[in-house]
Each structure stands twice: as structure tokens, then as C-alpha cells.
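Chemist: Pasting a structure here, questions to come.
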Amino acid sequence: MSKAEKVFSLARRRGFFWPAYEIYGGVAGFYTWGPLGVLLKNKIRSFWREMFVYRHGFVEIEGPSIAPEIVFKASGHVEGFKDVMVSCLNCGAKYRADKLLEERGVEAPEGLSPEEYLGLIRENNVRCPSCGGELGNPGYFITMFQTTIGPYSDAVGYLRPETAQNMFTEFRRVYEVMRRRFPLGVAQIGRGFRNEISPRQGVIRLREFDMMEIEFFFDPEDEDFPWAEEVMDEELNILHEELIRSGGRDYETMTVREALERGIIHYRSMAYFMVLAKRFIAALGIPEDRQRFREKLEGERAHYARKVFDQEVLLDRWGWVEVSGHADRTDYDLSRHSKYSGRELAVEKRLEKPITVTVREAYPEPRRIRESYPEKIGEIMRSLSGMDPEELYRLLDSQGYIEVAGVRLGKEFFRLEVGEERRSVKKIIPHVVEPSFGLDRIVYATLEYAYREKGDRVVLSLPAYVAPIEAAVYPLLDRDDLRGLAEDIVLELEENGFRVFYDYGDSIGRLYARGDEIGVPIAFTVDMRSLRDDTVTARDRDTWVQYRVERGRVVEMVERLVSGEPFEEIARSMGLEKVSV
RNA sequence: GCGGCCGUAGUCUAGCCUGGUAGGACGCCGGCCUGCCACGCCGGAGGUCCCGGGUUCAAAUCCCGGCGGCCGCACCA
Numbered sequence: 000m001s002k003a004e005k006v007f008s009l010a011r012r013r014g015f016f017w018p019a020y021e022i023y024g025g026v027a028g029f030y031t032w033g034p035l036g037v038l039l040k041n042k043i044r045s046f047w048r049e050m051f052v053y054r055h056g057f058v059e060i061e062g063p064s065i066a067p068e069i070v071f072k073a074s075g076h077v078e079g080f081k082d083v084m085v086s087c088l089n090c091g092a093k094y095r096a097d098k099l100l101e102e103r104g105v106e107a108p109e110g111l112s113p114e115e116y117l118g119l120i121r122e123n124n125v126r127c128p129s130c131g132g133e134l135g136n137p138g139y140f141i142t143m144f145q146t147t148i149g150p151y152s153d154a155v156g157y158l159r160p161e162t163a164q165n166m167f168t169e170f171r172r173v174y175e176v177m178r179r180r181f182p183l184g185v186a187q188i189g190r191g192f193r194n195e196i197s198p199r200q201g202v203i204r205l206r207e208f209d210m211m212e213i214e215f216f217f218d219p220e221d222e223d224f225p226w227a228e229e230v231m232d233e234e235l236n237i238l239h240e241e242l243i244r245s246g247g248r249d250y251e252t253m254t255v256r257e258a259l260e261r262g263i264i265h266y267r268s269m270a271y272f273m274v275l276a277k278r279f280i281a282a283l284g285i286p287e288d289r290q291r292f293r294e295k296l297e298g299e300r301a302h303y304a305r306k307v308f309d310q311e312v313l314l315d316r317w318g319w320v321e322v323s324g325h326a327d328r329t330d331y332d333l334s335r336h337s338k339y340s341g342r343e344l345a346v347e348k349r350l351e352k353p354i355t356v357t358v359r360e361a362y363p364e365p366r367r368i369r370e371s372y373p374e375k376i377g378e379i380m381r382s383l384s385g386m387d388p389e390e391l392y393r394l395l396d397s398q399g400y401i402e403v404a405g406v407r408l409g410k411e412f413f414r415l416e417v418g419e420e421r422r423s424v425k426k427i428i429p430h431v432v433e434p435s436f437g438l439d440r441i442v443y444a445t446l447e448y449a450y451r452e453k454g455d456r457v458v459l460s461l462p463a464y465v466a467p468i469e470a471a472v473y474p475l476l477d478r479d480d481l482r483g484l485a486e487d488i489v490l491e492l493e494e495n496g497f498r499v500f501y502d503y504g505d506s507i508g509r510l511y512a513r514g515d516e517i518g519v520p521i522a523f524t525v526d527m528r529s530l531r532d533d534t535v536t537a538r539d540r541d542t543w544v545q546y547r548v549e550r551g552r553v554v555e556m557v558e559r560l561v562s563g564e565p566f567e568e569i570a571r572s573m574g575l576e577k578v579s580v
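Counting along the first sequence from 1, when you hit position 74 you're at 73 in numbering that gives the first Met the number 0, and nothing is skipped either side.
This is the structure in C-alpha cells:
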């Protein structure tokens, strides 16, 4: 059995996750997170939020999962991810029409209809690559889930394929609410939906999944990013374009400084988020040498991105798998939404020193226009008043006239003003660097790396700060007096906000084994001595080492463990007596 | 979507070829025992044999279709 199978089997058996709708045979690409899975997921989510959002004064929003079609037209998803598919009339295989033509060296303009594609295919006598059969049945395939909004069937909506768009559509308001603080980091954690053609890798590739994304809005000409300083000497494993093209190794290890100097990473902010991503994944128990950042080449990248690094972790069964993506989305999204909505999505940036700019503006002279076109004056003035004076000047300057209401007005109909103006702000459309994480696969990777076997027993060595259940309490024997004391301890831990795995009735070895298997980092056992001196044993999940601790200090011990302190260190600094077994 | 392999208690599986109505291990529940690492003994519960249809006196078993899983191809913003 592969490790993945073992993890899936454990996940199912103990309730981390399992395929959804099992009683109806299941539906590919949909999974249910069970009781332990939800706890683990929540912890990892909070850990991320703490590390990426709160620590930098970023803000989080929560928008709807469904958006009207216009949003995804603006974002480019409707056009970019509506592929024309053709199928082989003989063997039934399906192909993307554009890719098929491209392979044959046939140039096809973008945005052709399915029939036009088929026409080109017939003209060039392109046949099925696998069986040589004739191609037909052209049609669209959109990897977004489509729905309708409200009772009108023509109000098309889509389930978002990424949470990012909410951050762009709501940008103005967030910027305003944040009192125009800039640069601005906006985060969102939520569901994304992709109607994958063939999702197969369990919880690694879902049709509905959780994403944790940040859009960091900044001025590309003045990248003010102080946090980057502290990570300059930190190392990253990068499989960069040059290395890929030379058919090189898995990755090259270099410092952030070097990556920036060599131009492999362009933005300090992106480099910083990549370091953070590395630390985040490492903190979940995945060693640095099992992580890398792979640069996405031209053609692999999404339509909106100029540069992308995928953070990948090495999984037992599937090899390198993406857990986060770091994209330079430029001003693509805000510019597009600005264009489609007609709203300005710029920020005003205060300049350190006011600058003087030359302003060239043109204003119409109504009296002269009336003299020449008395019957059209109303219409002309209505049109001109809606136009930007600077734009008018530019047009007059370049083409010599303005065409409006069917007449050409030359410069003589305008008052031209050229003057100097002092400016202390400039308007910019922010650029965006986006770190984007796939939560479900991160949880899976965490489980896979935590999965250990000790003889024929399974131990989930989850870091204490993400363990779904923080502590276990067992009576050594199933006796009323021992259980009574154990239950008091359970209650005390629960009152302090911890989840407790309380079990009894079996041999102590079996109890320990059950707790280990779901990753409970520490177990307290009440024995006969506990009744005499009010101490219990504290056992470490990974080493099985035990110390005696006073009952009143059990909570303290768990608190310290969960905050990241190693078991042995806690025992030492608390001056605990080691138990020889 | 295509091709190959596969689908049997919570888990892992035997049985399928050569049709006769399901067996084991672990886990689970109860009891006894034990007294710090899935201890031992006794007892027990738990199965629409993925779903639907067909062939047959009779289908887990043979045939067809569907769903799901794994591998390869394609896809993966």
C-alpha cells in the first residue's frame, strides 16, 4: 500500500475526510471533511491567517462565491477558459480545437466559433491523433460552473474559480474603509469551484475547494516593502526558467538577495511572501528540501499573470504538487474591472515632494461654435462637456480637429490652456502580487508528512499547534476512582479551551495507540500513585517518554506545548521527574 | 473523455476463472483478566458483495449499461 493509500484509509477510518455522497456512489471531485479534518483545517487556516494577514496589518474580507457574468468577462475567465472541444467520430476522444490546430502549425485567430474551428480542421485535413478518425461534434467547454441568478434564465452567473475577483471588485470600498492606507494587503479565505474534466487525486484536486489568498496592492514604481529586509539572507529552492530550459535538477538553492539581484524574482514583496510560504509549509512539518518554487513558463501561466512561481511539495504518490501560487498579476484585474464597470479603480499616492507638471487643456468656445453651427450648438456642447479637457487637447494636437455631432471642429473653436500645476498626489492603478494557497491540499500534505509507522502502529506526528485534539487523558485502569480523577482533569482542560481525547476501558497501550493515531501530542495518565500524591504521568506522543507532573500544572504544560515549545524542554524547565518505564 | 486494471462488514482482504446465496484478520461492543505501550481468554454485533438491467431453476461470480477508484493519454486558469 502506498503512503497515500494509508493516509486515505486512516482519514476515512478516523474521520479526517472521505468521498462525499458515498451512499449514492460518490461524485468525483467532492469530498467531505470529517470531525477531525475540520479541526485540523481550522487550525491550519488560523495559523495562516495569523502568519500572513494579521502580522502585516492586512485585512480580510468575505465575498460571495457566485458572481454575475460581467465579473468574469472583465476578469478574462469567460473568454480565457471557454475552450472549443472537438471529438473523434470514430474513437470518441476529445481534443481542444486550438491545440490540435497549433500542433499542425495552422494559425487560428482567437475567439472562433466551434463551427469555424471545425471548418479549419476540415480544410487542413486534421484527423484524430490517436486513431486517425474524422473529427466532429464541436462545442464549448467552460471549466467554470455556470448558474442562473434569480428567476430570469438570462441572468447568467458563475461560481468563482478563484476568490481573487472579490478583492478586485470590492477594492474601492476596502481602500476607502482602510482610510486610503497604501500599500494595501487584502486577504480572503473561501471556496473556489472548478468543473475539472477529470479530478482524480482525491482531496488534492477537488471541484470545490478552499483557497486562502492575498492580493497585495502596491505602486510598482515605488515598491515600499520594509518586511523584505529581514528575509534577504533566507534561502529558497527555485526551479527557475533558465534551469528548466537547461533540463536541470530539481531546484537551485539561493538567497532572496541573489534571486532579486539575478532578476529571477522581480518584486521584494513576492520574494517575501515566498519565504513566508516556505516557513508556513515547513512549520506544518514538511522539510525545506521537500519544497520548491517552480517558475511557470510562458503558456503555462494564467492569462492575467506576468510571472508565477508555484510552491510545490514532494508527495509520496503524485510527486511535486502545487500548494501555493505566487503571481505578479500586474494591474490587469483592476484595469479590466475599471474598464468594464466604468469606475475609477486608482489610488492617490502622496508624493514626498510636490512636483510641477505641465497641464495642457482645451475648452470649447461656445460663442464661436454658435457662429458657425447655430443649429447644432446644443448637441455639440452636450457632447463636448462630457469629455476630458486634457483628452481634447491631445486630440486637437494630434489630429487637428475634434469630430462631434457630424462636424469637425478645428483648434479655432477652442481655448487652449497650457500651464504649470503643482501636484502632491499622483493617481496610479495599483499592481498586485498574489500569494494564493490551496488549503485542502495543504491539509493533506500535512497529514502525509505527519504519518509515521512505529512497528505495526500508526503515529500522526502533527505539530502540537495544529493537532486537532491537544491532549489525551486516560485512567491506567478502568476503575471508578481513577476515572473520577481523570474526568476532573478532562474538565479542567476543556474549560481552558482545549479539546481532550478521553478514553478508557482498554489496556493502556491500546489507549495510547488510539490517541497517537489521530495525532494527540500529549497524554496524561491517572494511576494509583495519582490518588496518593496528586500527580499524573505526561507522555510524549513521538518519543513515548514520560514525566510525572502535578495535576495542577497539566494545563500549563498543554499551553506551552501548543505554543510550540518542545516536550522535553517543557519538562526540564518545569523541573519534572522522569518516569522510567 | 479514451484505453487498461479494479469495486466484497469501519479497515485490509479470500471467494469470481470452473454460478449453488460470503469466510478471515484487524477494528468495534460486552465480560473476565492484566496493571504503562494495539496483552490474553470468552462472548457478541456488524455485509444493499458499488448501482441498474439481462442470462439462468439459481448471480458476489457470466453478459450489458451506469457510478466510483487507480494507472497511462488528454485536461488541470
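A virtual CB, placed ideally from N, CA and C, is assigned to each residue, including glycine. Predicted, not measured: the structure shown is a model, and the values here were computed from it.
From Leu-560 to Ala-227, what does the alpha carbon distance come to, in whole angstroms?
Modeler: As a working mapping, residue 560 is identified with position 561 in the first sequence. As a working mapping, residue 227 is identified with position 228 in the first sequence. Taking the straight line joining both Cα atoms gives about 30 Å.
Chemist: With a 10 Å radius around its C-beta and 16 neighbouring C-beta atoms as the bar for buried, classify Asp-153 as buried or exposed.
Modeler: For this step, residue 153 is matched to residue 154 along the first sequence. Flag for Asp-153 reads exposed.
Chemist: I need the straight-line Cα distance from Glu-584 to Leu-391, nearest angstrom please.
Modeler: An answer regarding residue 584 cannot be provided, because it is not within the stretch 0 to 580 covered by the chain.
Chemist: Just the Cα atoms here: how many angstroms apart are Ser-435 and Gly-324?
Modeler: As a working mapping, residue 435 is identified with position 436 in the first sequence. As a working mapping, residue 324 is identified with position 325 in the first sequence. So the two alpha carbons sit approximately 5 Å from each other.
Chemist: Could you give the uninterrupted runs of the beta strand (DSSP E) lying entirely in the stretch 186-223, keeping only those of 3 residues or more?
Modeler: Counting whole runs of 3 or more residues, the stretch 186-223 contains the beta strand (DSSP E) stretches 207-217.
Chemist: Shortest alpha-carbon distance to Phe-167 belongs to which of Tyr-331, Leu-314, Cys-87, Phe-51?
Modeler: As a first step, residue 167 must be located in the first sequence, where it is residue number 168. Nearest of Tyr-331, Leu-314, Cys-87, Phe-51 to Phe-167, Cα basis: Tyr-331.
Chemist: Would you kindly work out how many angstroms separate the C-alpha atoms of Glu-402 and Met-177, rounded to a whole number?
Modeler: Translated into positions along the first sequence, residue 402 becomes position 403. Translated into positions along the first sequence, residue 177 becomes position 178. Rounded to whole angstroms, Glu-402 to Met-177 spans 43 Å at the Cα level.
Chemist: Which ranges does the beta strand (DSSP E) cover as unbroken runs of at least 3 residues, wholly within the stretch 316-384, from first to last along the chain?
Modeler: Entirely contained in the stretch 316-384, the beta strand (DSSP E) runs reaching 3 residues are, in chain order, 318-329, 346-363.
Chemist: Verify whether the separation of the beta carbon atoms of Thr-169 and Gly-28 is less than 7 Å.
Modeler: In the first sequence, the residue the question calls residue 169 occupies position 170. In the first sequence, the residue the question calls residue 28 occupies position 29. Before going further, note that residue 169 is Glu rather than Thr in the sequence given. Contact: no.
Chemist: For the candidate residues Val-52, Tyr-30, Leu-117, whose alpha-carbon lies nearest to that of Tyr-443?
Modeler: For the purposes of this step, residue 443 is taken as the residue at position 444 of the first sequence. The option with the nearest alpha carbon to Tyr-443 is Tyr-30.
Chemist: Would you report the Cα separation of Thr-445 and Arg-451, rounded to the nearest angstrom?
Modeler: Position 446 of the first sequence, counting from 1, holds the residue named residue 445. Position 452 of the first sequence, counting from 1, holds the residue named residue 451. Distance between the alpha carbons of Thr-445 and Arg-451: 12 Å.
Chemist: Give the straight-line distance between the Cα atoms of Glu-341 and Leu-9, rounded to the nearest whole angstrom.
Modeler: As a working note, residue 341 is residue 342 in the first sequence. As a working note, residue 9 is residue 10 in the first sequence. It should be noted that the sequence gives Gly, not Glu, for residue 341. Each residue's Cα considered, the two are about 53 Å apart.
Chemist: Which partner residues does Thr-534 have in the DSSP bridge list?
Modeler: Translated into positions along the first sequence, residue 534 becomes position 535. DSSP lists Glu-549 as partners of Thr-534.
Chemist: Keeping to the same chain, check which residues put their C-beta closer than 7 Å to that of Tyr-303; ignore five residues upstream and five downstream.
Modeler: For the purposes of this step, residue 303 is taken as residue 304 along the first sequence, with counting starting at 1. So the qualifying residues of the chain are Gly-75, Arg-328, Tyr-331, Asp-332.
Chemist: Alpha carbon to alpha carbon, what distance is there between Phe-57 and Gly-184?
Modeler: Translated into the one-based positions of the first sequence, residue 184 becomes position 185. Translated into the one-based positions of the first sequence, residue 57 becomes position 58. Going by the C-alpha atoms only, they are around 5 Å apart.
Chemist: Report the CB separation of Ala-470 from Val-557 in whole angstroms; it is logged as a contact under 8 Å.
Modeler: In the first sequence, residue 470 corresponds to position 471, counting from 1. In the first sequence, residue 557 corresponds to position 558, counting from 1. So it is a contact: roughly 5 Å between Cβ atoms.
Chemist: Going by DSSP, what residue range makes up the beta strand (DSSP E) through Lys-81?
Modeler: On the first sequence, position 82 is the one that residue 81 refers to. Element bounds for Lys-81: 81-87.
Chemist: So, helix, strand or coil for Gly-62, using DSSP?
Modeler: Within the first sequence, residue 62 is the residue found at index 63, counting from 1. Three-state DSSP puts Gly-62 in coil, outside helix and strand.
Chemist: Asn-136: buried (16+ other C-beta within 10 angstroms of its C-beta) or exposed?
Modeler: Reading the first sequence from its first residue, position 137 is the one you call residue 136. Exposed: under 16 other Cβ atoms inside 10 Å.
Chemist: May I ask you to verify whether the stretch 213-224 touches the stretch 236-255, counting CB pairs closer than 8 Å and requiring at least 3?
Modeler: The stretch 213-224 vs the stretch 236-255: no contact.
Chemist: Measure the CB-CB distance between Ile-441 and Val-322 and report whether it falls below 7 Å.
Modeler: Taking the first sequence and counting its residues from 1, one reaches residue 441 at position 442. Taking the first sequence and counting its residues from 1, one reaches residue 322 at position 323. Yes, the pair counts as a contact, with Cβ atoms nearer than the cut-off.
Chemist: Entirely within the stretch 424-453 and at least 3 residues each: give me those beta strand (DSSP E) ranges in chain order.
Modeler: You should have 430-437, 450-453.
Chemist: Give a yes or no on whether the C-beta atoms belonging to Ala-73 and Tyr-339 are separated by under 7 Å.
Modeler: Within the first sequence, residue 73 is the residue found at index 74, counting from 1. Within the first sequence, residue 339 is the residue found at index 340, counting from 1. The answer is yes: Cβ separation under 7 Å.
Chemist: Which residue or residues does DSSP assign as beta-bridge partners of Gly-138?
Modeler: The residue given as residue 138 occupies position 139 in the first sequence. Paired residues: Met-84.
Chemist: In terms of residue numbering, what span does the alpha helix (DSSP H) encompassing Gly-36 cover?
Modeler: The sequence position of residue 36 within the first sequence is 37, counting from 1. Taken as a continuous stretch (DSSP letters only), the alpha helix (DSSP H) holding Gly-36 covers 34-47.
Chemist: How would you call Val-424, buried or exposed, if buried means at least 16 neighbouring beta carbons within 10 angstroms?
Modeler: As a working mapping, residue 424 is identified with position 425 in the first sequence. Exposed.
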